[in-house]
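These notes are about the structure you will find just below.
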């Protein structure tokens, strides 16, 4: 899983993805969120791994 800006959306916000690990790093999730100002972030969807289906918030 890699973190980074995926694309710029039509509304001017950016879609960003990144890993989300458990405290002991035994499990990881991929989280996508969007932002316009890189100060406030809105979660969009999450999945357990690359083979899992996305769960939309």
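Residue numbers (the working numbering): 94 to 150.
We put the CB at the ideal spot given by N, CA and C, even for glycine.
Setting aside the 5 residues that flank it on each side, residue 142 has no residue in the same chain whose C-beta is closer than 6 Å to its C-beta. Within the DSSP bridge table, the entry for residue 111 names 124 as partners. Annotation for residue 99: the continuous beta strand (DSSP E) segment containing it runs 97-101. A distance of 8 Å or more separates the beta carbons of residue 135 and residue 146.
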